[in-house]
DNA sequence: AAAAGAAAGTGATATACATCACTTTAAAGT
DNA sequence: ACTTTAAAGTGATGTATATCACTTTCTTTT
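Residue numbers (our numbering), protein chains in the order written: chain A, 7 to 199; chain B, 7 to 199.
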């Protein structure tokens, strides 16, 4: 359930970690969003479509992944409560998506459309700054993941992930974690021994 | 040599690929930058320092890399003419850098300090939008690199890089390309056979 | 509660790649 | 031009990991 008292709205708290907002400003921001619910196994993004929405997860857990020509799944990332998720390539460039995003659990979501996000950032420098900062941090995280893929062994990457996101191991099948780490599920299974 | 005629300034052309600028606006933007030259093997960023500058390369080629505990070099990225380069993690968070950036050729550079960039983006929404877009594209490129590390073989990654940046293979030693791709130089050397 | 389906563990085998050692070729510095 | 240093190629060997096949355990669905 969403808390409709705007002063304590989780999205407001999330945004205010980066930029302070007046009540009026937050109302304006929130007016650009919609809410939706999805059941486990439902899609947020499907390969081939031009992605029109960026989601913010209020409840649940999703996977973003690429399917290769043999149907092998490569996990790009997971996202949980208070994380933003979409296919940024498709969303930013408005080109057909090459990836899928679907729910690993029943989810409650806020979303903003491409048009509304553009409107909002044009009219409200604070929100441009907010997303700019989010994008910078996202980029830094991706850089670190690349570095980890280059310099760390499979075991090291596993341990780092476990350390950084212990909740993930309670909620996500190990075979998906294996895929995220770039190894086979069999290798992951034999890791601790 | 830099072209000092501001109408044709390469940085102006670069920015105007994303946001249009008046002469006055570009003068204002440019007033926040300085120019510098570096010789081959000189550093732009050294491990341990808090990075104060973001560079825009007018001439030359650099590598950004991480050194592990055994002194093994892991290439994060290369950058050439009209590319931005810095350690974004250190620059954005103002924390000590874990990486090095140094020149593979003699370089001519423009740079903007952390303070000036902050001033400029606060005062000029257009430049906030410009860098926001750059950051989005940078993030997309990193996502694609991760995907490539997960789904493509070494040979495939080599071929894709060769296709995307053929100039690189004229300017950069193969052992650095091997490091960028995440394989040993010996393996890279044996690839085409 | 039973049946079906997905996830996880494990052995055997094949393979891509790292590493070490050495040689050859090319580039940089004096 | 000569010397030194770096880059690139190549053989031999060891190792991590993929893949296939099968079993066991856990989760969902009806």
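From the three backbone atoms N, C-alpha and C, an ideal C-beta is built for every residue, glycine too.
**Item:** From A:161, A:25 and A:49, residue whose alpha carbon lies closest to that of residue 91 (chain A)
**Value:** Stepping through the first chain from its first residue, residue 91 (chain A) is reached at position 85. The candidate whose alpha carbon is nearest that of residue 91 (chain A) is A:49.
**Prompt:** Which of the three DSSP states, helix, strand or coil, is assigned to residue 193 (chain A)?
**Reply:** Within the first chain, residue 193 (chain A) is the residue found at index 187, counting from 1. Here residue 193 (chain A) sits in helix by DSSP.
**Request:** Determine the extent of the alpha helix (DSSP H) in which residue 122 (chain B) is found, giving its start and end residues.
**Result:** Position 116 of the second chain, counted from the first residue, corresponds to residue 122 (chain B). Residue 122 (chain B) -> alpha helix (DSSP H) spans 120 to 129.
**Message:** If contacts are defined as beta-carbon pairs under 8 Å, then residue 80 (chain B) and residue 167 (chain A) qualify, I think. What distance do you get, rounded to the angstrom?
**Reply:** One-based indexing of the second chain puts residue 80 (chain B) at position 74. One-based indexing of the first chain puts residue 167 (chain A) at position 161. Residue 80 (chain B) to residue 167 (chain A), Cβ: 19 Å. No contact.
**Prompt:** Applying the criterion that 16 or more other CB atoms from any shown protein chain within 10 Å of the CB defines a buried residue, is residue 84 (chain B) buried or exposed?
**Reply:** In the second chain, the residue the question calls residue 84 (chain B) occupies position 78. So residue 84 (chain B) ends up on the buried side.
**Asked** Looking at the unbroken alpha helix (DSSP H) that takes in residue 186 (chain B), where does it start and where does it end?
**Response** Within the second chain, numbered from 1, the residue matching residue 186 (chain B) stands at position 180. Looking at the DSSP string, the run of the alpha helix (DSSP H) that includes residue 186 (chain B) is 180 to 187.
**Request:** With distances taken Cα to Cα, identify the nearest neighbour of residue 116 (chain A) among A:34, A:193 and A:89.
**Result:** Position 110 of the first chain, counted from the start, is the residue given in the question as residue 116 (chain A). Selected option, being the one with the closest Cα: A:89.
**Prompt:** Apart from the five residues on each side of it in sequence, which residues of its chain come closer than 6 Å, Cβ to Cβ, to residue 129 (chain B)?
**Reply:** Taking the first residue of the second chain as position 1, residue 129 (chain B) is located at position 123. Cβ within range, chain order: n/a, list empty.
**Request:** Please confirm if the segment 67 to 79 of chain B is in contact with the segment 133 to 145 of chain B, defined as three or more CB-CB distances below 8 Å between the two stretches.
**Result:** no
**Message:** According to DSSP, simplified to helix, strand and coil, what is residue 64 (chain B)?
**Reply:** By one-based count along the second chain, residue 64 (chain B) stands at place 58. DSSP places residue 64 (chain B) in strand when its eight states are reduced to three.
**Request:** Report yes if the CB atom of residue 87 (chain B) is closer than 8 Å to the CB atom of residue 65 (chain B), and no otherwise.
**Result:** In the second chain, counting from the first residue as 1, residue 87 (chain B) sits at position 81. In the second chain, counting from the first residue as 1, residue 65 (chain B) sits at position 59. Cβ atoms of residue 87 (chain B) and residue 65 (chain B): closer than 8 Å.
**Request:** Indicate whether at least one CB of chain A lies closer than 8 Å to the CB of residue 21 (chain B).
**Result:** The residue you call residue 21 (chain B) lines up with position 15 of the second chain. Output row for residue 21 (chain B): interface = no.
**Request:** Could you give the DSSP three-state label for residue 152 (chain B): helix, strand or coil?
**Result:** Taking the first residue of the second chain as 1, we reach residue 152 (chain B) at position 146. Residue 152 (chain B) falls in the helix class under three-state DSSP.
**Message:** Which residues in chain B have a C-beta closer than 7 Å to the C-beta of residue 47 (chain A)? List them in chain order.
**Reply:** Taking the first residue of the first chain as position 1, residue 47 (chain A) is located at position 41. Ordered by position in chain B, no residue passes the 7 Å Cβ test against residue 47 (chain A), which lies about 23 Å from the chain.
**Request:** Note the first and the last residue of the continuous beta strand (DSSP E) segment covering residue 44 (chain B).
**Result:** Against the second chain, residue 44 (chain B) aligns to sequence position 38. Here the beta strand (DSSP E) through residue 44 (chain B) covers 39 to 44.
**Message:** Out of A:33, A:34 and A:118, which one is the CA nearest neighbour of residue 98 (chain A)?
**Reply:** If you number the first chain from 1, residue 98 (chain A) lands on position 92. For residue 98 (chain A), the nearest C-alpha among the options comes from A:118.
**Message:** Within the continuous beta strand (DSSP E) that includes residue 49 (chain B), where are the two ends?
**Reply:** Here residue 49 (chain B) corresponds to residue number 43 of the second chain, with the count starting at 1. For residue 49 (chain B), the enclosing beta strand (DSSP E) starts and ends at 49 to 51.
**Asked** Who are the neighbours of residue 195 (chain B) on chain A, taking C-beta pairs under 8 Å?
**Response** Start at 1 with the first residue of the second chain, and residue 195 (chain B) comes out as number 189. Within chain A, no residue comes near residue 195 (chain B); the closest Cβ sits about 19 Å away, beyond 8 Å.
**Item:** Residue burial classification, residue 149 (chain A) (beta-carbon count within 10 angstroms, cutoff 16)
**Value:** Looking up residue 149 (chain A) in the first chain gives position 143. Buried, by the Cβ-count rule.
**Prompt:** Three-state secondary structure (DSSP) at residue 172 (chain B)?
**Reply:** The residue labelled residue 172 (chain B) in the question sits at position 166 within the second chain. In the structure shown, residue 172 (chain B) sits in coil (DSSP, three-state: anything other than H, G, I, E or B).
**Prompt:** Mapping DSSP to helix, strand and coil, what is residue 27 (chain B)?
**Reply:** If you number the second chain from 1, residue 27 (chain B) lands on position 21. If DSSP states are grouped into helix, strand and coil, residue 27 (chain B) belongs with coil.
**Item:** Chain-ordered neighbours of residue 14 (chain B) on chain A, where CB pairs are closer than 7 Å
**Value:** Counting from 1 along the second chain, the entry for residue 14 (chain B) is found at position 8. For residue 14 (chain B), none of the residues of chain A pass the 7 Å Cβ criterion, the least Cβ distance being about 28 Å.
**Request:** Using a cut-off of 8 Å between C-beta atoms, extract the partners of residue 178 (chain A) located in chain B.
**Result:** One-based indexing of the first chain puts residue 178 (chain A) at position 172. Simply none; closest approach about 16 Å.
**Prompt:** At a Cβ threshold of 8 Å, is residue 90 (chain A) touching chain B?
**Reply:** One-based indexing of the first chain puts residue 90 (chain A) at position 84. Not one chain B Cβ lies under 8 Å of residue 90 (chain A).
**Item:** Residue range of the unbroken beta strand (DSSP E) whose run includes residue 111 (chain B)
**Value:** Within the second chain, the letter at position 105 stands for residue 111 (chain B). Per DSSP, residue 111 (chain B) belongs to no beta strand (DSSP E) and is neither H nor E.
**Request:** Have a look at A:61, A:52, A:95 and A:24 and flag the residue whose alpha-carbon is nearest the alpha-carbon of residue 114 (chain A).
**Result:** By one-based count along the first chain, residue 114 (chain A) stands at place 108. If we check each option's Cα against that of residue 114 (chain A), A:61 comes out closest.
**Request:** Flag this pair as yes or no: are the beta carbons of residue 26 (chain B) and residue 56 (chain B) separated by less than 8 Å?
**Result:** Within the second chain, numbered from 1, the residue matching residue 26 (chain B) stands at position 20. Within the second chain, numbered from 1, the residue matching residue 56 (chain B) stands at position 50. No, the Cβ-Cβ distance between residue 26 (chain B) and residue 56 (chain B) is not below 8 Å.
**Message:** Using 8 Å as the threshold, is the C-beta distance between residue 182 (chain A) and residue 104 (chain A) below it?
**Reply:** Locating residue 182 (chain A) in the first chain gives position 176, where the first residue counts as 1. Locating residue 104 (chain A) in the first chain gives position 98, where the first residue counts as 1. Not a contact, by the Cβ cut-off of 8 Å.
**Anticipated Cβ contact below 8 Å, residue 38 (chain A) with residue 132 (chain A), distance rounded** = Within the first chain, the letter at position 32 stands for residue 38 (chain A). Within the first chain, the letter at position 126 stands for residue 132 (chain A). That pair is no contact at about 13 Å.
**Asked** Does the distance from the CB of residue 32 (chain A) to the CB of residue 18 (chain A) come in under 8 Å?
**Response** Within the first chain, numbered from 1, the residue matching residue 32 (chain A) stands at position 26. Within the first chain, numbered from 1, the residue matching residue 18 (chain A) stands at position 12. Result yes, Cβ atoms of residue 32 (chain A) and residue 18 (chain A) sit closer than 8 Å.
**Request:** Output, in sequence order along the chain, the residues in the segment 63 to 74 of chain B whose CB is closer than 8 Å to any CB in chain A.
**Result:** If the cut-off is 8 Å between Cβ atoms, the segment 63 to 74 of chain B has 72 and 74 near chain A.
**Helix, strand or coil at residue 55 (chain B) [DSSP, three-state]** = Residue 55 (chain B) sits at position 49 when you count from the first residue of the second chain. Reduced to three states, the DSSP call for residue 55 (chain B) is coil.
**Message:** I want to verify the contact list: residues of chain A whose CB lies under 8 Å from the CB of residue 134 (chain B), in sequence order.
**Reply:** Residue numbering aside, residue 134 (chain B) sits at position 128 when the second chain is read from its first letter. In chain order, 131, 134, 135 and 138 make up the part of chain A whose C-beta sits under 8 Å from the C-beta of residue 134 (chain B).
**Request:** Please check if any C-beta of chain A sits within less than 8 Å of the C-beta of residue 38 (chain B).
**Result:** Position 32 of the second chain holds residue 38 (chain B). No, residue 38 (chain B) does not count as interfacial toward chain A.
**Request:** Assuming residue 82 (chain A) contacts residue 177 (chain A) (C-beta within less than 8 Å), just tell me the rounded distance between them.
**Result:** Against the first chain, residue 82 (chain A) aligns to sequence position 76. Against the first chain, residue 177 (chain A) aligns to sequence position 171. With a Cβ gap of about 17 Å, residue 82 (chain A) and residue 177 (chain A) do not count as contacting.
**Request:** Pull up the distance between the alpha-carbon of residue 206 (chain B) and that of residue 135 (chain B), whole angstroms please.
**Result:** As displayed, chain B neither begins before 7 nor continues past 199, which places residue 206 (chain B) out of reach and without an answer.
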